[in-house]
Each structure stands twice: as structure tokens, then as C-alpha cells.
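Residue numbers (my numbering), protein chains in the order written: chain A, 1 to 487; chain B, 1 to 321. A short worksheet on the structure shown next.
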Amino acid sequence: MKQIKIDPITRLEGHGKIDIFLDDNGEVANTYFQIPELRGFEQFCVGRPVEELPRITTRICGVCPEAHHMASVKACDAVFHVDPPPTAKKLRQLLYNTFYAGDHTTHFYALGGPDFVVGPDAPAAERNILGVVKKVGLEIGGKVIEMRKRTQEVIKTIGGKQTHQVTSLPGGISKGLTEEERKQIEEHCRWFVEFGKFTIQIFEDVVLKNKAYVDLILSDTYAHKTYYMGLVDEKNRVNFYDGRVRVVDPEGKEFVKYAPHEYLDNVAEHVEPWTYLKFPFLKKVGWKGFVDGKESGVYCATPLSRLNAADAMPTPLAQAEYERMYSTLGGKPVHARLATHWARIIELLSGAEMALDLARDPEITGTCIRAIPKEKPTEGVGIVEAPRGTLTHHYVTDEKGILKKVNLIVGTTNNYAPIAMSIHKAAKGLIKKGSQVTDGVLNMIEMAFRAYDPCFGCATHALPGRMPLVVRIRDKNGEVLEEIKRL
Amino acid sequence: MAKPKLALYWAASCGGCEIAVLDVQEKILDVANAFDIVFWPVAMDFKYADVRKMEDKSIDLCLFNGSIRNSENAEIAHLLRAKSKALVAFGSCALEGGIPGLANLTTKQEILEFVYRGSPSTVVTDGGVFPQQHTKVPEGEIEIPEMWETVKSLDQVVEVDYYIPGCPPVPNQIWGVIEYILSGKPLPPKGSVIGAGVKTCCDECKRERKEKKLKQFFRPYEIETKPSECLLDQGIVCMGPATRDGCGALCPAANMPCRGCYGLPPNVMDQGAKMVSALSSVIDAHEPAEIERILDQISDPMGTFYRFSLAHSILRRVEKS
Chain A
1 MKQIKIDPIT RLEGHGKIDI FLDDNGEVAN TYFQIPELRG FEQFCVGRPV EELPRITTRI
61 CGVCPEAHHM ASVKACDAVF HVDPPPTAKK LRQLLYNTFY AGDHTTHFYA LGGPDFVVGP
121 DAPAAERNIL GVVKKVGLEI GGKVIEMRKR TQEVIKTIGG KQTHQVTSLP GGISKGLTEE
181 ERKQIEEHCR WFVEFGKFTI QIFEDVVLKN KAYVDLILSD TYAHKTYYMG LVDEKNRVNF
241 YDGRVRVVDP EGKEFVKYAP HEYLDNVAEH VEPWTYLKFP FLKKVGWKGF VDGKESGVYC
301 ATPLSRLNAA DAMPTPLAQA EYERMYSTLG GKPVHARLAT HWARIIELLS GAEMALDLAR
361 DPEITGTCIR AIPKEKPTEG VGIVEAPRGT LTHHYVTDEK GILKKVNLIV GTTNNYAPIA
421 MSIHKAAKGL IKKGSQVTDG VLNMIEMAFR AYDPCFGCAT HALPGRMPLV VRIRDKNGEV
481 LEEIKRL
Chain B
1 MAKPKLALYW AASCGGCEIA VLDVQEKILD VANAFDIVFW PVAMDFKYAD VRKMEDKSID
61 LCLFNGSIRN SENAEIAHLL RAKSKALVAF GSCALEGGIP GLANLTTKQE ILEFVYRGSP
121 STVVTDGGVF PQQHTKVPEG EIEIPEMWET VKSLDQVVEV DYYIPGCPPV PNQIWGVIEY
181 ILSGKPLPPK GSVIGAGVKT CCDECKRERK EKKLKQFFRP YEIETKPSEC LLDQGIVCMG
241 PATRDGCGAL CPAANMPCRG CYGLPPNVMD QGAKMVSALS SVIDAHEPAE IERILDQISD
301 PMGTFYRFSL AHSILRRVEK S
């Protein structure tokens, strides 16, 4: 038995590690995707005052603290049975949609995009943001930096800090918006929408006009037929901040639509001894292992999943692109995991449009931004869509609002089983008896999970858009036969 | 002249410190021009083995973020210590354990017990499955690292030359440090805190302070505070008096109390002890029973006063039998 280890050594804790076992024929026998980290937030948050959690759980992830800040404060609202005033909710959503536009920008240009824009088999040294700039033009690098800067400014204005926001608290938000700030934000948001349109155009020109790429997206190597999950509003449109969780089956039919407090009836987690991360699955279907299909409880929660699980986008430009994506790729649901990149930029545009709508909303500068909780705190669940999947915070407190129990199902975690399955399928499809495991092959395997934008402790948010990999092919005795470095 | 060599590394952290470095925005290109960046896993290609091959003290400046919570973190800390002239604990986690250090209020056993058996969404089979360092699978054996019982700060593992506080450090302070180093001016004495002020958060807070006569504390969600008055004056526990300045008092400016991420102020041994003494002096009571009654209104003093600094405090951890 040979063993290939793909060990992304960008980060020694919080990163993923892939082991590929080859049988004696040189074919892939099995793959294991391990997460070597556990920080224990759920346990060390016990004993803390519940209102502090929007400020503590941000530290789960410094790349997407906004998602934890929002899921946490929504759980707090539920714990105190308080409904924040409309202005407070709108400010949270303005921050959150801006964050989506910025976060998806980073992924598209720096992480996922290089595979398409520069090419999946381009030299490793060019498959990065600089390669994108080289291919598409210098102007684009400046635009990406400016997009980041502008989104960070909006986030800091509303959230108090650009990283690890502080302003959301049970019943509302601590700081309102002045008219002057609103005007500035509106200008930024107009810019976001233009940037979103520009990004869609780049995708059109570079990816969709290239038949080889479209074939790659649709190839079976990157397809899995699973359930799909995403938050939807009352009209079943994609919503990042609020709504009910809708799950569709592999044929695209609604399987369930549940309110946040019903999550335990619908989602459960499976434990394996070889990894610290648990595998969520649909409770009513059951854990059947790492397999596709309607009989398997494996579900996926990504940009593509959200689009599959919804009936429409909430904004007009994104809706037009949503329709075009499904007509190009053969209708709903789309199982081709690489189409997640397309879905992601549709969400980028939608986030930008939503943010602009909110920046123009007359209520956004309202002064009623707090509802003081009066009821006895008990228990609450808050759910938002993190960019990398449905994020659930569940808190139980004593009568003083001190936490007795904290349960978290974090964005990427939802996709742990699908990612493991995608790696397995890509490895099986690409590593053949007697063939060389080249850098290109490695990248094609990596593309299988990069589509999910996995954020295991943010390990994969490496700027060049790929993780340094070491692959060691070993014989049965552990002796290294071949070593390939992509460092 | 050769450019100075720069290394950046993350141990057990959330990634926020890396984001803060990137938040110097377009100036990141100046950083890339001025330094020879020899090691930055998040942003650049590198060979880990190459770091081992480097001469000792060949890295001029190493910014190390994240706390130390397993043997791998410690191993890299030792390696980078040996290779670096100036090793900087960058951000709260490296400096004082940070929020992951709150795990020292519980135990590894309690954490594992909840996550893999107690959690309401976890399916428990055969009395519970727990992650193992070594697992035999049909095809062979696979491993994961062992989690440490106690979270540590960087200087509890290796000698540290400088400290940059903050969760995360604010970009203008990061840029200030970089500019200073590039100016070629002599470096401050070893052990200095850089990229921050020499007073307290209160000194840069714009809110107006009066003589405090507190009879009651409130939690942040319980009251609407007045926008220009000191939050502590209004009965909100704010860590400002026990926290170093340098962030620009961002949280109080957004009507939220400071939680102490810039660490303890100069000439203070322990942030929590400093906060207790600051509070005792503002309570309007003389009878011990009355003082105790008022202080009892503060929920979770341990998790609040030591929000970021528990692992590095005089307490370090809570012992449970």
C-alpha cells in the first residue's frame, strides 16, 4: 500500500491534511481528509455572559468574524426574546451584505479565480493573484485592493472595528449612522455594484467563452449529487442574514424548511476518530457514510447550495445572472461543484445590490436602534449564512443570562463530508496506475476542494490562491519513493 | 545594501492578525519592496525546510502571531527564535494567550467531553467516539496532533524581544512599527511593547470622565448609555483603566466598553488585578458588605478582566480536580 500525504503546511494548526492511499495496483484505495485542530470555544464560552459572545466568537475566524458576530447576536436576541428595531436590523444587514461582497471578491480573485483565469495547468508560480493581474490587466489589481479597502471602511463604520466587530448586542446595535456616513457608504455601495458587474463580465470573457473550461466545470470528476442547504426569505429567495433554512433533495425538490430553533430536529453530527472535526448530516435521512444520493444524509452548504436551495435571488442584476447560470448549466439543481465559483460571484453582485438598497433606505439613519431586553433569558438559536455555509449558534443560559451550554455548527463544517468526497472522487479520477502525480494533477485535486472555499481556521486563505503542498508517495514500509513539493 | 529579511508566522490564531497586516492596504506593496520576505505562509511560497537551513539569526525581524497550544506550534516557535534577530510577539494571542487562552478556564477533558459526547447535535455511538492521535484504518495508519492541556503565550515558550499588542493590532500601528524599523533608528530596549502607547485606553478615549461614585453596575444590553460620558461612570464595566492605549479607543467610540485587547498598561503586573483595584476606587461605598454587594453585580469578572490575558496572568489557568 502506498500512501500519499498532501499536507498544506501554510499553517500547522487549523489546516487540513490529506492522505491518499494507493493499492498495490497503483490505484486510489482510499483518501482521508483530516482536521488537526480543536480550540474548544463551545466549552470555554460556558460561564460567560451571553451578550459577550458576539465579541468572543468573532475570534473563531479573523477572516469571517462578521458571520460569527451576526449569528451570535441573533442567538442573543432569541435568548432574550427581543426583536431589534428595524433600523438596527438594517444596519446589521448593510454591514453583512458589504462583508459578503468583499469576502467573495477575495476568494474569486485570489483563491479560486486563478485556476480559471490563469488556467488549471499553468505553472504553479503563475497560478495566483499576480498571474490574474498579468492575464487580465494591471488595472484589476488596483480594483481588487480598492474593493477590499472600501468594504473594510463600511464594516468599520458600522461594526466599530474592521476586524472583530463589536457593535451588535442583544436587542439591536450600539451605534447608528449619521447622514454624512450614510452618503459615504452609499457611494461605496454604488462602487460595489459596478465592481460586481465587472466581475461577472470577467467570468463571462475568461471562463464561459472558453469551451474547455465549461467542459471542465461540467465534468463528472467534480460532480456530486447531494442535498443542498441555504437560508431563504419568505419568498424563497436567497438571504444571507435571516430567514428559514431550506433544504432541497438531489432532484431539487424541497425536502424541509426549518426555523433556526428547529435545527436539532434536522441536523446531527457524526464523529470519526481520525479527525477533530465532526461531520454534520441530515438527521431525517441519516448518516450512511461518505456517499452521494437521496438515501445519504450528506448535504452541502455553499454559494452554489444556496442558489440550488432557493427559488430566486433577492436583487434584479443577480437574478438575471442566476437565470443565465441555470440555463447555461442545464437547469436546477447544478451538481457540478466547480460552478460554485459562478454562484459565488452572483452572490457578490447580490450582496452589493442589497447593500446599496439598504444604504438608500430612509430608515437606515433612524435613531431607534435598541430594544432593551425585558424578558428572562433562556435559550436561543441564531442562524446566518456565512460565505462558506449555514452558521448555527445555539445558546442556553441561566436566568441571569450566563451561558450553560453553547453549541456551534460552523460554516465550512457543514461541507466536511462533501469536501472529503470531492477529494476522493478527484483523486480516484486523476491518479491512475503508472501515471505520474504531477503538479497539475495535484492542483486538479486541490481544485475539488478549493471550490468550497474551505475555511478550517482560515488555513486556505493563503493569498496566492493555493496551498503549498507536499506529496509523499510511500511504499508499504513507509519509505519515500517519490516526493513532489509545491511549496 | 541587502534588504532586511522579514518573516511572519501564525500559530494558534484566527487569522485576524494576518488580515490586519493586509489592512495596511496599498502600503503592503511598500512592505514587499522594503523587505526581503523570507517566510510568510499565508501570503507567499516558502520552503519550510529552507527555514531550517538558514543561518541562526539570519532573519532580521519575525512577527509571530497566535498562541501556543500544541507541540507543533512550540516547535516552530523554537525554530523561528533561533533564526531571528528580533522575535516579536504580534497580537494578543502571542502576547498573552488571547481569547483561545480562555480555554485555561476549563480542561482538555471537559472540552472533548462536550464536543464529542455532550453536544446536543452529536450522535453518540458505543459510549462516544473521541479523536485519537493514531488511528488504524483499513489502508494503514493516520495521525493527528495532540492538543495541549494549557494554552501558552509565546514568551512562556521562547524568549521574546518585542511585543505588539492588539486583537488584532490596528493597521496604523503596524505601519508605524514598520516605518520606524525602515528608518534605521536604533531599536528600543529588548522587552519593549511597541506599536502602542504608554498610557491607558482612557487617555485616548474621547468620553468625558467625572469623579466616579458607582452604586450599581449594568450589563451593556441593559441600558442606553449617554454618548459623550465615560461608560464606567455610567456603570458599564469598561476595561479602559486597565488597558494600554494605542488602538484609538475604538470600542468606546462605537458605544461599546473596552474588553482589554491592547493588554496591560506600563508598570502593571496583572491586568485583572489592575481592574479590580481600579473598580474598588470608584465604588461609592465604605462598608465591606456594601462594596461586596456592588461588586457582585459584575457578572463573570474572570472572563471579563482576563478576557485576553488569562494565559499570561498571575493565574494562568484554573485548576480543576
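For every residue, glycine included, the Cβ atom is placed at its ideal position computed from N, Cα and C.
Using DSSP with H/G/I as helix, E/B as strand and the rest coil, what is residue i?
i, result
"methionine 325(A)", "helix"
"arginine 48(A)", "coil"
"isoleucine 346(A)", "helix"
"isoleucine 291(B)", "helix"
"alanine 268(A)", "strand"
"methionine 313(A)", "coil"
"aspartate 203(B)", "helix"
"arginine 182(A)", "helix"
"tryptophan 10(B)", "strand"
"glycine 172(A)", "strand"
"phenylalanine 240(A)", "coil"
"proline 464(A)", "Unreliable positioning characterises proline 464(A) in this predicted model, as indicated by a pLDDT of 35, which lies under 50. A coordinate reading is not provided."
"glutamine 34(A)", "strand"
"alanine 89(B)", "strand"
"glycine 411(A)", "helix"
"serine 67(B)", "strand"
Using the beta-carbon of each residue, which ones in chain B are nearer than 7 Å to residue i?
i, result
"lysine 175(A)", "Ala254 and Asn255"
Can you pull the chain A residues whose beta carbon is under 8 Å from the beta carbon of residue i, in chain order?
i, result
"proline 220(B)", "Glu51, Leu169 and Ser174"
"valine 115(B)", "Leu38, Gly40, Glu42, Gln43 and Lys278"
"glutamate 208(B)", "None at all; the shortest Cβ gap to chain A is about 18 Å."
"valine 123(B)", "Ala268, Glu269, His270, Val271 and Trp287"
"cysteine 251(B)", "Gly160, Lys161 and Val166"
I'd like to confirm something about residue i: is its beta-carbon nearer than 7 Å to some heavy atom of the ligand ZN, or not?
i, result
"threonine 365(A)", "With respect to the ligand ZN, the structure shown offers nothing to examine, as it has no ligands at all."
Just checking: is the beta-carbon of residue i within a distance shorter than 8 Å of some beta-carbon in chain B?
i, result
"phenylalanine 21(A)", "yes"
"arginine 182(A)", "no"
"lysine 400(A)", "yes"
"alanine 223(A)", "no"
"tyrosine 32(A)", "yes"
"glutamine 319(A)", "no"
"cysteine 61(A)", "yes"
"valine 410(A)", "no"
"asparagine 414(A)", "no"
"glycine 102(A)", "no"
"arginine 370(A)", "yes"
"alanine 352(A)", "no"
"arginine 55(A)", "yes"
Against chain A, with Cβ distances strictly below 8 Å, would residue i count as a contact?
i, result
"arginine 259(B)", "yes"
"leucine 232(B)", "no"
"isoleucine 181(B)", "no"
"valine 158(B)", "no"
"valine 137(B)", "yes"
"glycine 140(B)", "yes"
"isoleucine 144(B)", "yes"
Whole-angstrom Cβ separation of residue i and residue j, contact assumed at under 8 Å?
i, j, result
"phenylalanine 251(B)", "valine 166(A)", "Rather than phenylalanine, the amino acid found at residue 251(B) in this sequence is cysteine. Confirmed, about 5 Å."
"alanine 88(A)", "leucine 391(A)", "Between leucine 391(A) and alanine 88(A) the Cβ distance is about 20 Å, and since that is not below 8 Å, they are no contact."
"alanine 103(B)", "arginine 39(A)", "7 Å"
"alanine 89(B)", "valine 160(B)", "5 Å"
"cysteine 45(A)", "leucine 53(A)", "6 Å"
"aspartate 453(A)", "arginine 388(A)", "5 Å"
Can you list the residues of chain B that residue i reaches, using a CB-CB cut of under 9 Å?
i, result
"glycine 47(A)", "Leu105, Thr106, Asp300, Met302 and Gly303"
Going along chain A, which residues have a C-beta under 9 Å from residue i?
i, result
"phenylalanine 130(B)", "Val271 and Pro273"
At a CB-CB cut-off below 8 Å, which residues of chain B make contact with residue i?
i, result
"threonine 163(A)", "Gly16, Ile19, Ala20, Asp23 and Pro168"
"cysteine 300(A)", "The contacting residues do not exist; cysteine 300(A) stays about 18 Å from chain B at best."
"proline 260(A)", "Going along chain B, no residue has its Cβ under 8 Å from proline 260(A), so there is no contact; the nearest lies around 13 Å."
Which residues of chain A have a Cβ atom closer than 7 Å to the Cβ of residue i, listed in chain order?
i, result
"methionine 147(B)", "Leu38"
Discussion item. If contact is defined by three or more beta carbon pairs under 8 Å, each pair taking one atom from either stretch, is the stretch 368-383 of chain A in contact with the stretch 398-412 of chain A?
Written reply: They touch, by the three-pair rule.
> If you pair each beta-carbon of the stretch 155-173 of chain A with each one of the stretch 368-377 of chain A, do three or more pairs fall below 8 Å?
Replying inline: At 8 Å Cβ cutoff, the stretches touch.
Counting beta carbon pairs with one atom in the stretch 91-105 of chain A and one in the stretch 235-252 of chain A, are three or more of them shorter than 8 Å?
yes
* To do: Tell me, please, whether the stretch 303-312 of chain B touches the stretch 137-157 of chain B by the rule of three or more beta-carbon pairs shorter than 8 Å.
  => Yes, they touch.
Quick one: any contact between the stretch 7-22 of chain B and the stretch 161-172 of chain B, if contact means 3 or more CB pairs under 8 Å?
yes
Q. Touch check for the stretch 76-89 of chain B and the stretch 35-52 of chain A: three-plus C-beta pairs under 8 Å?
A. no
Can you find at least 3 beta carbon pairs, one from the stretch 220-239 of chain A and one from the stretch 323-342 of chain A, that sit closer than 8 Å?
yes
key: Inter-stretch contact at 8 Å, needing at least 3 Cβ pairs: the stretch 100-120 of chain B / the stretch 128-147 of chain B   = Touching, yes.
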